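A short worksheet on the structure shown next.
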C-alpha cells in the first residue's frame, strides 16, 4: 500500500516537472471568411490543399519547425524538416480569419533538421480548430479526391 502511494506521488511529481519542452503539432493554418465561420456546422468539410501531411511544431518560447509524417502504424513518426522562425500568416482584413488546426501537444528535446519524434498521442479522429486561440470546433482528418481535408464533428459557440 505504501509503495503504491509513493509511486503515485512520484508519477505526479514527474508530470509536473517537464523534461522536454512542449510543442503544439499543427497543420498549416487556413484562411476563411468570417461569414463561413459563422455558418460552420457538423459535417462540413474544409479542403486543406495538401496531398501529404505537412505539419508545424509550434512553441511560443522555444521556436517552431516544419515537419512531415514519416510513418503511421501503431505509433506516429514525425520528422523535422527545418527549424523556422514563428510562422504566422496574419490577415489584416475584417472579412477573413485564420483557422489553426491542432493535432496534439508533443514533447521534443531538440528542433533540428532530421530529428524524429515518435508519438502515440495523435488521434486523427479528434483534432481541434482554433480562431484567435479560442477553440471553435472539433474535427477529424479525411481524404477527399486524394487531398487532405478536415471534416467538422462538433461546433462550439463562437
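Numbering (my numbering), first residue to last: -16 to 141. Note that beta-carbon positions come from the ideal geometry of N, C-alpha and C, so glycine has one too. Everything numeric in this text was worked out from a predicted model, so none of it was measured.
Is it buried or exposed, residue 6, if we count other Cβ atoms within 10 angstroms and call 16 or more buried? That one is buried.
Measure the alpha-carbon distance for residue 127 versus residue 30 and round it to whole angstroms. 8 Å
In three-state terms, what does DSSP make of residue 115? Shown here, residue 115 sits in coil according to DSSP, grouped into three states, outside any helix or strand.
From 33, 54, -8, -11, residue whose alpha carbon lies closest to that of residue 102: From the listed residues 33, 54, -8, -11, the smallest Cα separation to residue 102 is found for 54.
Please state whether the Cβ-Cβ distance between residue 89 and residue 10 is less than 8 Å. no
How big is the Cα-Cα spacing for residue 76 and residue 115? Going by the C-alpha atoms only, they are around 14 Å apart.
Counted within 10 angstroms of its Cβ, other Cβ atoms place residue 48 as buried (16 or more) or exposed: Counting Cβ neighbours within 10 Å, residue 48 comes out buried, since at least 16 surround it.
Buried or exposed, going by whether 16 or more other CB atoms sit within 10 Å of the CB of residue 120? buried
So what's residue 24 in DSSP terms, helix, strand or just coil? When DSSP states are grouped into helix, strand and coil, residue 24 belongs to the coil group.
Around the Cβ of residue 83, are there at least 16 other Cβ atoms within 10 angstroms (buried) or fewer (exposed)? buried
Element boundaries [beta strand (DSSP E), containing residue 15]: 5 to 16
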